[in-house]
Structures are given as structure tokens and as C-alpha cells.
Amino acid sequence: MKEMGSLGPFEVLQRRSNSTSPRNRLVKRVLLAILLIVFGSLSVRIFSAPPLSGFASPHSRSSTTSITPPLFETRFASHGKTEMVHSPAVVEIAGNRLQGFWYGGTSEHAKDVAIYTSVFDPQKGLWSPEISLITAESTQKSLHRYVKKLGNVVALRDQNNQLWLFYVSVSVGRWSGSAINLMISQDDGESWSPSRRLITSPLLNLATLVKGPPVLLEDGTIGLPVYHEFLGRFGEFVRLDRAGRVVQKTRLSRGSASLQPIIIPDTNRKALGLMRYGGPAPRRILSVETTDGGFHWSRPVKTDLRNPGAAIAGTRLQNGDLLLVFNDSENARDDLSLAYRPSGDKAWRIIYRFEFEKETTLLGGRTRVFSYPYLVRTQNGDFHLLYTWYRTHIKHIQFNQAWLEQRLRSPSRL
Amino acid sequence: MTAARSRRYSLTTRRLLFFSVFVVAFLPLQGLSMAGYVRGVTGDVSVTTLILLVAASISCLMDRDLYDSRSFLVLMLLILGGGVFLYPFALGLTYFDPYALGYGSKAFVAVLFLLSLGAWYFDLYLIVACVIFAISAYMIGIYESTNLWDYLIDPLITSYALFLLAGNEIKHLLHGFSSGARSPLTRKASVR
């Protein structure tokens, strides 16, 4: 046999087999037949795949509750079971209850970090004691691969009342070694399927994370905003089928300055995407838009809203107006504000500050951090905001439409 | 990858080494096999890599080559070409994302079909086999990935192709300086 290194690229193509024995001819024909069958099957699958759809209508909730008195309540969702907590998510489950999720441990990158969960009973106005739902060990057992620690979590309840829980795990390094995992519950979080890995990058599937809530698509499937954080930092919109398999993804941005996208649908074709900014000053929240159901997105542009390189949360009201929770600062997370944007307008107006203590003595010595907001609206029209409070607790703020309208009429931000 | 390369050790030594590595790979350590730790970092290797590993193992254990070197050379060139096309864009350099083509792009499948047909015509059966097995595995869904790229190539085999081809080029360049010979990869079609 002639060694590989002594052959040129043209030579290898010219040096076809000289053997014309019946056996070789038969082998060649069989190989061609298999090749055609395999590609034929692949083509059938591709051409028979259901078309991808746009966004589910976000305007299907019960009517607003203007006749009810303004409601604004604060409480803690976590109970101090772990020294550090961060990055909450929340989803409405049966009985108008809320189920919250966050990660906690001794520190952000500690090996004992686990995903904790707690349930909020609206009748009692209480969160249940948090319990550990997912650990690095349980994920490792499900995935049959090494898992070092866990991270961000997001959740969604679909049209069939299944709970979808997406969470980040890290096998190597820090956040650049992240991957996304999925668990599904058929019984409102009583039991969960084993963890499954989502493959979203060809580079060893490294550095894909979640932060923004998943969105329902028109055909009942799910769209998941994700971001990559390796050499580049950019956002993508991933589509999953009903079984939770990735079927398509679209880039929201490129480069190394945008991450943690949130998607806020308007119609089945139109949606707004907002992203945390990680580039040079001026530091502003980035905005992208789609008008074709998320298949193509406009280039990111800076909004007027400041951003210290921190996560944001938002939702759309029934009339199309927008709400956004964000840190109104370019360099710190010691402020947490609520911004409002009327439908069809481009200008945001800050209508409330949830956190603004500059000289607080609470938890002296600890850094003032109010971050990673997660905002949902429940079927009864109430808004629920969860966020990291000093990294020691998960805070829950509940307000309703009447309170919001009161804020919109008020010239003060407080 | 050829049997000739592994013949510096006796067949018995090679078999002992192979089975030792095989056993170690599945030894549990804190509830997880050694292979599980490696998989935590590398993820699943592509079907192409698996085929080459199986072929290399058979070559090592049975002193028998399963494919010809010209098939292997063209496969390495195709893998490197695919990797150059795929991986830089995964870093978010552009809005174009070739990885998204792996989710059932008709154009991607058409190009792959033409390449496979060309490989079949030129008797490059190793490439044909890799494509057939990769697509079959993709259709069955043996991996977590639903992207055809992940069944065809992976960063490990691409790196191997890069170092192998670059190594050969450097070797021939050095040889060329001393003897005036030209590299097989840069040599024009003057060969028969």
C-alpha cells in the first residue's frame, strides 16, 4: 500500500480501483443502492417535517383588574437555606400557585450549588420551604457524564400543562463550559423526567446558557432564548419540538457584547428581543425585532435604557404596552427599576424603583445587589417579579394592573 | 492509522494495551466511569470518529487495514474543510451560522449527497461508509444532538485532520528544502 503522505489530491482521485471483478462491481452497486436509500430516507424526513411556526398570542389572559384595588406586596421566596442564592425563575402552576426555581450553594462556583424549588400559595401568601430539586450528582447520573456544577434556570408551562425546566450545568471551567439541560414534569412539579442535554453548539457543545424565559410558539412548540459565552458573547433563538428536541436556531446577535436575551412576542409574527449589554460605554440595553415569527431578526441597536452588564426581564400587557425590569445604572446592580413603553412607541419611561437603597445598612458588609429579575404575569392578571436580593435571598414582588395604572398616572418614580 | 504504524510493538503487547485502556475507560470512579469524565468535556464524538477509531482498533489488534490510504487522505481533507467552514462561525463572528444548516437544510443535504456520490464514483469507500453510517445514526437519533453536523464531524477529528495534514505538509516542505521535492498536497496534476 502506498503511504498516505506520498499521494497528492489529484492523484487520489485518479487512482481509482483497476479491479473490474464481478465481486467489486457488485460491492460498488450495493454501496450505491445503500447510499441512495439513506439519502432518500433523509430527504423524506426533511420534506415531511412540519413547518416551523410563529409565536403564540401573548394576549390570551383574563381581562385586566382595574376594578380591584391596587396591590403591591413584597416577600421572600427563599428562606436562607443556602448561603448564596441567585437567578430565580417562576412559573404558574395549577391552583393559581407559583413554582419558583433558583440556584443556591455556598458560592456561585461552588460544587455544592443545586437548583432549589419552592411553591407559593396565593391564598396564604406564603412560599413553602425550599427543597433541593437538582444537584450536579443527579444531573451527572442522568447524563452519564461528568458535571461539576449548576447554574441559571428558566421554566415554562405549556398548553398541555407540562412544566419545562431548562437549566445550565458546567462540566469544565466556569460559565464558558456551560451546557443546557432539560427536565419535564407532567404533574406540576411533583415528579420530573431525567435530565436531558440540549446540543446547541458544534464546539464540544460548550458555553450555551439560558436566562430569558422560554416562549410558547403557535403550534404548541417552544422557543428558547439562549446565549453563548465563550470567546464570543451573542444571543440565539432556539426552537424545540414537542419532545424537546432542538429543530432550528437563529442568531439574534454576533460578536462579544450581547447576552441573556429575552423575547417578548406581540403577534404571531412580531416580537421584540432585548439583551444585556457587555461591551464598551455607553452601556445600554440592546434591542432586536422580528416581523416573520422569529426566523429573521434585525441588527441589535442600543435603547435609551442603561445597563451595567446585568440581566433584564420584561413582559407585554394586553394592549401591547411593554414592561421592563432592569438595573438603571451603567456600573452597578444597586438599583432595580420598572420601565414602561407604550405600544408603538420607542421611548421608555421609568415608572417605579423597586430597589434604590444607596446607603442601606441591611446585611452590612455585603454588596448591594438586586439582579437577575424574572417577571411573569399569571392568569388572573397579577404580575410576579422574582430577583436576587443581596445574593442571600430571592425576593418576590407581586403587583396588579390597578397598581400599575396608578404608577402610570404618577409623575414620581418612587 | 494504518497497521504498519502500530507494528513497532508486538501483536500481544498491542492487544494487552488495548484491553487495558478499554477496561480503565469503564472503571467507575465516584459513581462515574472514566469515559464519563472524558465525555463530560468532549461530548459525543461523531460517527466518523467512531468508524475511524474502530478501524484503527482492528488495524492495531488484527494487523489488517480496513481502508485504503487515499480514501483516508480525502476524508481528512473533507473533514478539515468542513471544520474550517463550521467552527469559526460557532464563535459568533457573523450572523451566518453554518451549524443551523444541520437542522435539515435541503441545500446542505444536497451538497452532502453530491460529495458522497463523487466519493462513490472515485471508489473512496471509506467516505461513503462514514456518510451512510452518520446519516443512519442521525435518522435513528443515537445521540442527544439533532444536528447532522454532529454526526459527521467533531472538533477532535477535525483537529486530528489539521495536525495530520499540516504535519505532512511540513514534513514535505522540509524534505523539499533538502531535496527539491514538492509536497504531495501542493503538487500539481502532473502526477499520473
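Protein sequence lines, in the order shown, are assigned to chains A and B.
Just so you know, the working numbering puts 68 at position 49 of the first sequence, and the rest follows in order with no gaps.
Just so you know, the working numbering puts 326 at position 40 of the second sequence, and the rest follows in order with no gaps.
Glycine is no exception: its CB is placed at the ideal position from the N, C-alpha and C atoms.
Since this is a predicted model, take the numbers as computed values, not measurements.
Within chain B, no C-beta atom comes less than 8 Å from the C-beta of A75 of chain A; the nearest is roughly 21 Å away. Within the DSSP bridge table, the entry for E255 of chain A names A:V245, A:R270 as partners. Beta-bridge partners assigned by DSSP to M202 of chain A: A:L184.
Below the 7 Å Cβ cutoff, chain B contributes G378 as neighbours of G274 of chain A, in chain order.
For the pair T136 of chain A and W422 of chain A, the Cα-to-Cα distance works out to about 28 Å. Distance from the Cα of E92 of chain A is smallest, within the candidate group A:T386, A:W408, A:F373, A:H412, for A:F373. Counting C-beta pairs with one atom in each stretch, the stretch 352-360 of chain B and the stretch 195-211 of chain A have fewer than three that are closer than 8 Å, which means they do not touch. Per DSSP, N171 of chain A is one residue of the beta strand (DSSP E) stretching across 168-176. If only complete runs of 3 or more residues are kept, the stretch 86-170 of chain A shows the beta strand (DSSP E) at 91-95, 103-112, 116-124, 133-140, 150-153, in order along the chain. Taking CB atoms only, T432 of chain B has a neighbour in chain A less than 8 Å away. Annotated as proximal: H128 of chain A and K168 of chain A, with beta-carbon spacing under 8 Å. For Y391 of chain A, the uninterrupted beta strand (DSSP E) segment begins and ends at 389-396.
Rounded to the nearest angstrom, the Cβ distance from P280 of chain A to G292 of chain A is 5 Å, consistent with a contact under 8 Å. Taking S319 of chain B as the centre and dropping the five residues before and after it, the same chain places the C-beta of A311, F312, L313 closer than 8 Å to its C-beta, in chain order. For M348 of chain B, no CB of chain A lies under 8 Å from its own CB, so it is not counted at the interface with that chain.
Contact of A68 of chain A with chain B by beta-carbon distance below 7 Å involves G390. Under the three-state reduction of DSSP output, D436 of chain B falls in the helix class. With contacts defined by Cβ atoms closer than 8 Å, L394 of chain A and G333 of chain A form a contacting pair.
For R64 of chain A, the residues of chain B that pass the 8 Å Cβ criterion are G390, M425, in the order they occur in the chain. Contacts with chain A (Cβ-Cβ distance below 7 Å) from the stretch 320-336 of chain B involve G322, Y323, R325, G326, V327, T328, G329, listed in chain order.
Not flagged as an interface residue toward chain A: P314 of chain B, since no C-beta distance is shorter than 8 Å. For the stretch 441-457 of chain B, the beta-carbon criterion of a distance under 8 Å to any beta-carbon of chain A is satisfied by P441, N454, K457. Residue range 420-428 is occupied by the alpha helix (DSSP H) that includes E424 of chain A.
In the structure shown, A290 of chain A adopts extended strand secondary structure according to DSSP, grouped into three states. At least one CB of chain A lies nearer than 8 Å to the CB of S402 of chain B. At least one CB atom of chain B sits nearer than 8 Å to the CB of K268 of chain A. By the Cβ-count criterion, N454 of chain B is buried, with 16 or more other Cβ atoms from all chains shown falling within 10 Å of its own Cβ. DSSP places W367 of chain A in the coil class of the three-state scheme, outside both helix and strand. Only buried fits Y371 of chain A, as 16 or more other CB atoms lie within 10 angstroms of its CB. Across the structure, I65 of chain A and L387 of chain B are spaced so that their CA atoms are roughly 12 Å apart. Out of A:P77, A:L278, A:R44, the CA that lies nearest to the CA of R288 of chain A is found in A:P77. DSSP, read as helix, strand or coil, puts P374 of chain B in helix. The three-state reading of DSSP puts H315 of chain A in coil, since its state is none of H, G, I, E or B. Identification of chain A residues near S422 of chain B by a Cβ-Cβ cut-off of 7 Å yields V57, ordered along the chain. Secondary structure of Y296 of chain A (DSSP, three-state): strand. Note that the C-beta distance between S188 of chain A and F249 of chain A is not below 8 Å.
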